[in-house]
Structure formats: C-alpha cells, structure tokens
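Engineer: There's a structure below that I have some questions on.
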Amino acid sequence: MSERSHPEALLRLRGISKSFGAVQVLAGVDLDVHAGQVTALVGDNGAGKSTLIKGIAGIHAFDDGTYTFEGSEVHVTSPKQANSLGIEVVYQDLALCDNLDVVHNMFLGRETRRRITLDETAMERRAVETLRGLSVRTLASVRQTVSSLSGGQRQTVAIARAVLWNSKLVILDEPTAALGVAQTEQVLKLVRRLAHNGLAVILISHNMNDVFEVADSIATLYLGRMAAQVDARTVNRARVVELITSGRSGALGLAAPEEAQA
Amino acid sequence: MSGATSVPRKAREEAATGTVAEAWRGYVNKVRGGDVGSLPAVLGFVALVIFFSTQSGTFFSLLNGANLLQQAAVYVFVAMGMVFVLLLGEIDLSAGFTAGVSAAVLGVILTKHGMPWPVAVVGCVATGAVIGLAIGMIFARLRVPSFVVSLAFFLGLQGAMLGIIGDGGTIPVRDETIFAIMGRNLPVVWGWVFAGAGVALYAVLGLVQRRARRTAGLPSHPPTLMILKVVGLAVLLGGATYLLNRERSVNPVLNSLKGIPVIVPIAAVFVVGLTFVLRRTAFGRHIYAVGGNAEAARRAGINVPGIQTACFVICSAMAGCAGIVMVSRDTSVSPSTGGSSTLLLSIGAAVIGGTSLFGGKGRIIDAVIGGLVIAVISNGLPLMTSEASAQYIVTAFVLMLAAMIDAMARRRAAATGH
Ligand SMILES: Nc1ncnc2c1ncn2[C@@H]1O[C@H](COP(=O)(O)OP(=O)(O)OP(=O)(O)O)[C@@H](O)[C@H]1O
Ligand SMILES: [Mg+2]
C-alpha cells in the first residue's frame, strides 16, 4: 500500500489497443496520469483521443493492455464502475439539462434522498460548498436554471458536478472549444484548481495556448499511437505541434516510419 | 470580465430574496424572460368569466359555478395524466379512448357481473395502466414515435370498445358510489373542513421548508411573501367554499342542492399527490431530466426507457380515472364515451395551462387551470349562441393561441437565455 506515497501514477496504461472491426484505432498506447497534475491529451482529428478516454471511462472496454488505477490492475467495463473508482468525465456537450437548475443538474441521477423525498436543502448546501471549494464566484444563484447560464458557467457546473463525488480523476473532453476568451480563462483557472486540490486531470484540447497554460504533462497521440508523453516545461509549442502532425520531433516521438519516407 | 458582471448580479439575486417587492420584481423578470407559466391561462380565465357574465345573466350563478367545476373534471383528469407524457416531449393521442375502454370495463364489472364498486374501480384503472404499459413499451423499447403508436391505439381502442359494448349499445351503471362522484355534494361542514385542511397543509409545508432552509443556512423567501400566499389561498378556497355551500337549487324545498361537488376534493387529492411525485421525488426529477435532455439523463445513469414507459402508464391510468368520472356523469357507457373532442380538449387544457409541447416544462396544476378555461368556454358559449360551429371555432382558437404562446415563450427563452 505504499503506492500512494510514491510519486507513482494514479492511472497507468500500458500497451493499450482498441479496434473497431478491422480498423485499429489504438495500438500499444502508454499513459501515466498523476494526482495533482493536469495531463493534456493532444493529437490531430481522429488520432484516437476520444476513444482512449471512452475506454478509461468504461464506455467501451480496451481489447488489449493493462489498466492500473491506484496501483492495482482493474478491468473497467461500465461507466458506473469507472464512477465507483472515482473517475468522472465532463463531456463537451449534451451533459446538462437546460430545464433544471444548477443543483438539480449537479446531483442528476445521484440525488440525495430522505426516505422517498428529495433532500433539497442538503443537495443545495453541498452544491454551494463544492462551488465555493472551487472558488467559483460567477454563479448568481444555484437555483437558476441552466438555460440561463453562459457557456463558461455551464462548463463550470459540469466540472463541479464531476468533483462532487469524491472523484480522483476528472477527464475533460475539449472543455473550452465553444468558449470565448474570458470564459476560456475562467474554465482553465478551474482546471488548475482541480489539480491544486489534489485531483488528477486529463484535458483534451486542440488549443496549444490552453495546453501550455495549464498542463504539467503533455501526451501526444499520433494515428492511434502514443508519440510521446513529456513534461510540459521541457518542450515548446513548435515541438508539440510537430509531434501532433508528424508523430516525431527530433529525439522525441515514434521511430522514423519505415515505409512512408523514402 | 465575467467577474465584473457577476458581482452586481449576485447582489441583485440576493436582494431578490429579501423583500416582497424584490420577489415581485424577480417574478416579472422571469415572465419577461419567457417563463410565463400559467399566467396567460389565469388572465384568460378571468377575462372569459367577466365576458360571459356581461353577456348572459345565467352564467354567473351559483348553479352554473358548480356545473363549471364538474364540466372541467373530465378534461382535468385526462390532462393531469397527459402532463407526464408532455413532459417527456411526447404525446398520447389514444388517452380519450383509453378512458372509454376503461369505462366499458367498469360498466361490465358493475352491471354485467354485479361486483362491488371497488373491484370495478381497480379493474378500470388497471385496464388503463395495461394500455399505457403497451404504448410505453412499444415507444420506449422499439423506438416507434409516440404519435404513431398512440394513433394506432386510438383506432384499435375504438374497436375494442365496440367489441365490449356492442354497436349502438349502452351499459347503464346504477352504482350509488360511482354516481356520487359527479352527482353528489359534500355536506356543508365537510366542505369547510376540506378547505381548512387545504390551507393548513399549504401553510405547514411552507413553514417546514422555510425552517429547513434556514437551519441549513440557505437563503429563503421573505416571510411576508409566504403569509400573502397563504392568505391568498385562504381567501380563494374560503370564498369558493362559501359560495358552493349556499343553496343553489331552484326549488330548495323539493330538492336541496348545496355543498362542494364530491369530484372537487377527489381531484384535489390527485393534484397534491401527483405534484408531490413530480416535484419531491427522484422519479419526478428524472421525468423532467428526460424531457429536458434525454442523452444527458442517460449519461447520468437514469433509466430513460423505464421513465418513459412509466409516464405512459401514469397517463393511461389517469385516463382510466377519467373514465370513472365520465361514467359517473353519464350513468352509462356507450361507444362514444371518451370520444369526440375529449382528447384534444384535454391536451388543450394542459397546454393552455402552461405545459410545453416541447417537453421538460409543465406542472399538474396547469391541467386544472387549463381545464377550467376549456370548461368556461364550453359552458359560457352555449348561453350566448346555440351554434355548435362557434363552440369548435372558439375552442380551436384558444388552443392555437396557447400553442403559439408556448412556442413564442420557448423562442424568447432561447433568445434571452432563460
Ligand atoms: N465506434 C467506432 N467505430 C468505428 N470507428 C470508430 C469508432 N469510434 C471511433 N472510430 C474511429 O477511430 C478513430 C479515432 O477516433 P477518435 O474519436 O478517438 O478521435 P479523436 O482523437 O477524438 O478526434 P477528434 O479530435 O476529431 O475528436 C477515427 O478514425 C474514428 O473514425
Ligand atoms: Mg474526440
């Protein structure tokens, strides 16, 4: 049980493969995600980022490879199982009910009950506490419906919902894709705060500004393979872009492809 | 930037829970933002009552007041069930004939088999529930659009009714208990007890909620607002009870007629019970979630097909209850029971009351308010003109108006971000 005190990864993937029929989407992917750190997952369209996190979240099982969480190997085959391990995913869209208020959304599907009735006061209090713990001050009232919120505020609610459940790993799939400058800033601050509070965060993003602003570690997928996972302080933007587009950059990345470059 | 705009807004919101004036301003803002709720229906109801009173001397009479409540009853019962299906963003076009078939089962059990009324009532509501289960399963599991499934049931159930009752036949129902639902009134004293209990329940629930919020350190509404609401309800219920408890018979010596119609407390129990289910239970919350965003509900671990099926079962079971009300009103069942405009007027009642056709928005009380509007029209118009055409056209106009308000409110909400 010494894993936790070691700087060992909270989530550790080794040799992960996944195929859809004849199409191999992930091949031999390794990934380490540490508590208290933001791990950016980058890669071109179709590189396999969403497929990788769906596997982590139990939406579909991996075909091959080992999945280690908190030091022990697990086989995550359902979202519920991932939730019970402490893994929460914030989807870019389709995650909130516009007609319900902030509290209702944060507790959706996992309502606090007192016998058969909903315990509204307990839920509201915990929602307020959680938002305060994340230093969220942009919500006027937790009883306003989500339809009245801005994009950034919605993303805030979705993230707050993810941390409400003693989660250890929060996965964010392009949380800033639809946001303006100020709101992006607001969400990135929140992402930083999650890591500061000791959670492990995986952030998928196409935006290099965002990645370099918050990430501790950058993992680059290239055509379903892990080109490199590097410390964010040791690389610059140009190298990451090169990794994304060609899978290699100097000494970093995949071995030179044997066939293509003749 | 968001920080700058958020501070005054937060201050405004906190102030909004401070005084009655601020609470009122908050309500006005909500309405401006497109969330009109039952406001158009309530205003329409008042306007219609005033209009018909000026046009006909008999409209605003005690007898007619009691009639109005009874006329609304059938629509209210079907509409209360329909709210559940409308909340999903779906529709049940077969509810009228579900009521008819259930009523036929009631008639057969009572009249043909001579069994006691509780058996018949259970059989009737169970018939509705089974029909709802079938519709719900076909919709939720096989993903056939509810419009088509219920349209098929609309036809099939008419056939079933003919099969049970026989073409042109009627089943007379003479059971005293069933008759009492629409045919009798509460004793005067019981009327007062009932009204008092309603006000007391409302006040106690309000106080309990307020206490809970205060002990949890959460903001609560100003006490004056609550007192105003309780007093308002007391005046409304007290006034209605006073009027209904007066003698309204043309010939009191021969046949005294006073007291609250029995259907009123029965409907009230359903209103309170179903409102509790929708507003205070996880099941109710999940219905709103599925209607608001089914995919988000699914990802939150909610059993979406299960919720959908349950809503259709509730809708059809309520139609079964409406069937009992119809039998009580007509003291018989015929193949036209639950037919003609029953269904459309009931859906109209829910929508006029403020329940959205787009799903995710609606309340049980909408069915009551909308049902009263429908009843006022079908009660008041014949006093002015004997033309049936006017009845159809005016009702159609009101229904269209309600649907347009619904669509406009939705657009406005999207535009103002409410
Ligand atoms: N269910 C599926 N069946 C077949 N192929 C799939 C399936 N899901 C994903 N793929 C394929 O796998 C590849 C990787 O997809 P994935 O969605 O993981 O990419 P991504 O890195 O998230 O891209 P983007 O940045 O565009 O979101 C794509 O070529 C895609 O077509
Ligand atoms: Mg993707």
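Residue numbers (our numbering), protein chains in the order written: chain A, 1 to 262; chain B, 1001 to 1418. From the three backbone atoms N, C-alpha and C, an ideal C-beta is built for every residue, glycine too. Note that the coordinates shown come from a computational prediction; the quantities given were computed from them, not determined experimentally.
Quick one: grab the DSSP three-state call for Asn1185 of chain B.
Structural biologist: What you label residue 1185 of chain B is simply residue 185 of the second sequence in a count that begins at 1. Three-state result, Asn1185 of chain B: strand.
Engineer: How would you call Asp1167 of chain B, buried or exposed, if buried means at least 16 neighbouring beta carbons within 10 angstroms?
Structural biologist: Mapped onto the second sequence, residue 1167 of chain B falls at position 167. Per the 10 Å Cβ criterion, exposed.
Engineer: List in chain order the residues whose CB is within less than 6 Å of at least one heavy atom of ligand 2.
Structural biologist: With the cut-off at 6 Å, the residues found are A:Lys49, A:Ser50.
Engineer: Can a CB atom of chain A be found closer than 8 Å to the CB of Arg1410 of chain B?
Structural biologist: Along the second sequence, read from residue 1 onward, the residue named residue 1410 of chain B stands at position 410. No, because no Cβ of chain A sits closer than 8 Å to the Cβ of Arg1410 of chain B.
Engineer: Determine contact between the stretch 88-107 of chain A and the stretch 40-47 of chain A, defined as no fewer than three beta-carbon pairs at a distance below 8 Å.
Structural biologist: Contact between the stretch 88-107 of chain A and the stretch 40-47 of chain A is absent, because fewer than three Cβ pairs lie under 8 Å.
Engineer: Looking at the structure shown, is Thr1331 of chain B part of a helix, part of a strand, or coil, going by DSSP?
Structural biologist: Numbered from 1 along the second sequence, position 331 holds the residue referred to as residue 1331 of chain B. It is coil, neither helix nor strand.
Engineer: State the DSSP-derived secondary structure class of Lys1112 of chain B, mapped to helix, strand or coil.
Structural biologist: Within the second sequence, numbered from 1, the residue matching residue 1112 of chain B stands at position 112. Here Lys1112 of chain B sits in helix by DSSP.
Engineer: Enumerate, from N- to C-terminal direction, the unbroken alpha helix (DSSP H) stretches of 4 or more residues contained entirely within the stretch 103-171 of chain A.
Structural biologist: Whole alpha helix (DSSP H) segments, 4+ residues: 120-133, 151-163.
Engineer: Can you say whether Ala1047 of chain B is buried or exposed, counting buried as having 16 or more other CB atoms within 10 angstroms of its CB?
Structural biologist: Sequence index remark: in the second sequence, residue 1047 of chain B carries index 47 (1-based). Classification for Ala1047 of chain B: exposed.
Engineer: Quick one: is Trp1117 of chain B buried, meaning 16 or more other Cβ sit within 10 Å of its Cβ, or exposed?
Structural biologist: Here residue 1117 of chain B refers to the residue found at position 117 of the second sequence. Burial call: buried.
Engineer: Rounded to whole angstroms, what is the Cα-Cα separation between Thr112 of chain A and Glu129 of chain A?
Structural biologist: Here residue 112 of chain A is taken as the residue at index 112 of the first sequence, counted from 1. Here residue 129 of chain A is taken as the residue at index 129 of the first sequence, counted from 1. Those two C-alpha atoms are separated by around 15 Å.
Engineer: What three-state label does DSSP hand Ala1402 of chain B in the structure shown?
Structural biologist: Taking the second sequence and counting its residues from 1, the one referred to as residue 1402 of chain B is at position 402. Of the three classes helix, strand and coil, the one that applies to Ala1402 of chain B here is helix, per DSSP.
Engineer: On the three-pair Cβ rule with 8 Å, is the stretch 1206-1223 of chain B touching the stretch 1137-1152 of chain B?
Structural biologist: Cβ pair count under 8 Å is below three, so no.
Engineer: Just curious, the alpha helix (DSSP H) that Ser246 of chain A is in, first and last residue?
Structural biologist: Taking the first sequence and counting its residues from 1, one reaches residue 246 of chain A at position 246. Unbroken alpha helix (DSSP H) run through Ser246 of chain A: 237-246.
Engineer: At the level of alpha carbons, what is the spacing between Gly1163 of chain B and Val1101 of chain B?
Structural biologist: In the second sequence, residue 1163 of chain B corresponds to position 163, counting from 1. In the second sequence, residue 1101 of chain B corresponds to position 101, counting from 1. C-alpha separation (whole angstroms): 10 Å.
Engineer: Please name the residue or residues paired with Val230 of chain A in a DSSP beta bridge.
Structural biologist: Position 230 of the first sequence, counted from the start, is the residue given in the question as residue 230 of chain A. A:Ile218, per the DSSP bridge assignment.
Engineer: How many Å lie between Glu242 of chain A and Val235 of chain A at the Cα?
Structural biologist: The count along the first sequence starts at 1 and reaches residue 242 of chain A at position 242. The count along the first sequence starts at 1 and reaches residue 235 of chain A at position 235. For Glu242 of chain A and Val235 of chain A, the distance between alpha carbons rounds to 11 Å.
Engineer: Return the residues of the stretch 1346-1361 of chain B that lie within a Cβ-Cβ distance of less than 7 Å from chain A, sorted by chain order.
Structural biologist: So the close ones are Gly1360, Lys1361.
Engineer: Any beta carbon of chain A sitting closer than 8 Å to that of Gly1089 of chain B?
Structural biologist: Position 89 of the second sequence holds residue 1089 of chain B. Not an interface residue.
Engineer: Rounded to whole angstroms, what is the Cα-Cα separation between Cys97 of chain A and His1286 of chain B?
Structural biologist: The sequence position of residue 97 of chain A within the first sequence is 97, counting from 1. The sequence position of residue 1286 of chain B within the second sequence is 286, counting from 1. Distance between the alpha carbons of Cys97 of chain A and His1286 of chain B is about 10 Å.
Engineer: Between which two residues does the beta strand (DSSP E) holding Ile1287 of chain B run?
Structural biologist: As a position in the second sequence, residue 1287 of chain B is number 287, starting the count at 1. First-last for Ile1287 of chain B: 1282-1292, but that is the alpha helix (DSSP H), not the beta strand (DSSP E).
Engineer: DSSP has Ala40 of chain A in a bridge; who is on the other side?
Structural biologist: Counting from one through the first sequence, the residue named residue 40 of chain A turns up at place 40. DSSP lists A:Leu203, A:Ile218 as partners of Ala40 of chain A.
Engineer: Does Ile204 of chain A get closer than 8 Å to chain B when you measure Cβ to Cβ?
Structural biologist: Taking the first residue of the first sequence as position 1, residue 204 of chain A is located at position 204. No, its Cβ sits nowhere closer than 8 Å to a Cβ of chain B.
Engineer: Please indicate yes or no: does the CB of Gly263 of chain A lie closer than 7 Å to some heavy atom of ligand 1?
Structural biologist: Any property of residue 263 of chain A remains undetermined from this structure, which presents chain A solely from 1 to 262.
Engineer: Excluding sequence positions up to five away, which residues of its chain have a Cβ less than 8 Å from the Cβ of Arg14 of chain A?
Structural biologist: By 1-based counting over the first sequence, the position of residue 14 of chain A is 14. Only Asp30, Gly65, Thr66, Thr68 meet the Cβ criterion.
Engineer: When the distance is taken between beta carbons, is Phe1097 of chain B closer than 8 Å to Gly1339 of chain B?
Structural biologist: Taking the second sequence and counting its residues from 1, the one referred to as residue 1339 of chain B is at position 339. Taking the second sequence and counting its residues from 1, the one referred to as residue 1097 of chain B is at position 97. Yes. Within cutoff.
Engineer: Since I believe Val89 of chain A is in contact with Ile16 of chain A (beta carbons under 8 Å), could you give me their beta-carbon distance rounded to a whole number of angstroms?
Structural biologist: On the first sequence, residue 16 of chain A is found 16 positions in, with the first residue counted as 1. On the first sequence, residue 89 of chain A is found 89 positions in, with the first residue counted as 1. Not quite, the Cβ-Cβ distance comes to about 17 Å (not below 8 Å), so this is no contact.
Engineer: Quick one: Cα of His60 of chain A to Cα of Arg132 of chain A, how far?
Structural biologist: Taking the first residue of the first sequence as position 1, residue 60 of chain A is located at position 60. Taking the first residue of the first sequence as position 1, residue 132 of chain A is located at position 132. Answer to the nearest angstrom: the Cα atoms are 34 Å apart.
Engineer: Quick one: is Ala262 of chain A buried, meaning 16 or more other Cβ sit within 10 Å of its Cβ, or exposed?
Structural biologist: In the first sequence, the residue the question calls residue 262 of chain A occupies position 262. Per-residue confidence for Ala262 of chain A stands at a pLDDT of 42, beneath the threshold of 50, marking its modelled position as unreliable; the derived number appears in the next sentence. Classification of Ala262 of chain A: exposed, given that the 10 Å Cβ count is below 16.
Engineer: Measuring CB atoms only, is the stretch 1136-1148 of chain B touching the stretch 1322-1337 of chain B, in the sense that at least three cross pairs come out at less than 8 Å?
Structural biologist: No, the stretch 1136-1148 of chain B is not in contact with the stretch 1322-1337 of chain B.
Engineer: Cutting at 7 Å between CB atoms, please list the residues of its own chain near Gly1191 of chain B, excluding the five before and the five after it.
Structural biologist: As a position in the second sequence, residue 1191 of chain B is number 191, starting the count at 1. Excluding residues within five positions, the ones whose Cβ falls inside 7 Å are Thr1241, Leu1244, Asn1245, Gly1259, Ile1260.
Engineer: For a minimum of 4 consecutive residues, which ranges assigned as the alpha helix (DSSP H) are wholly contained in the stretch 1295-1370 of chain B?
Structural biologist: DSSP runs (the alpha helix (DSSP H)) wholly in the stretch 1295-1370 of chain B: 1304-1330, 1342-1353.
Engineer: Verify whether the separation of the beta carbon atoms of Leu1186 of chain B and Val1262 of chain B is less than 8 Å.
Structural biologist: Along the second sequence, one-based indexing puts residue 1186 of chain B at 186. Along the second sequence, one-based indexing puts residue 1262 of chain B at 262. Yes, these two residues count as a Cβ contact at 8 Å.
Engineer: Is Gly43 of chain A a contact residue of ligand 1, with contact defined as CB to any heavy atom under 7 Å?
Structural biologist: Stepping through the first sequence from its first residue, residue 43 of chain A is reached at position 43. Yes, the beta carbon of Gly43 of chain A sits closer than 7 Å to at least one heavy atom of ligand 1.
Engineer: Just checking my contact of Arg1248 of chain B with Leu1062 of chain B at CB under 8 Å: how many whole Å lie between their CB atoms?
Structural biologist: To locate residue 1248 of chain B, count along the second sequence from 1; it is residue 248. To locate residue 1062 of chain B, count along the second sequence from 1; it is residue 62. Their Cβ separation, rounded to whole angstroms, is 4 Å, which keeps Arg1248 of chain B and Leu1062 of chain B in contact under 8 Å.
Engineer: For the beta strand (DSSP E) containing Ile16 of chain A, name the first residue and the last one.
Structural biologist: Mapped onto the first sequence, residue 16 of chain A falls at position 16. Residues 11-20.
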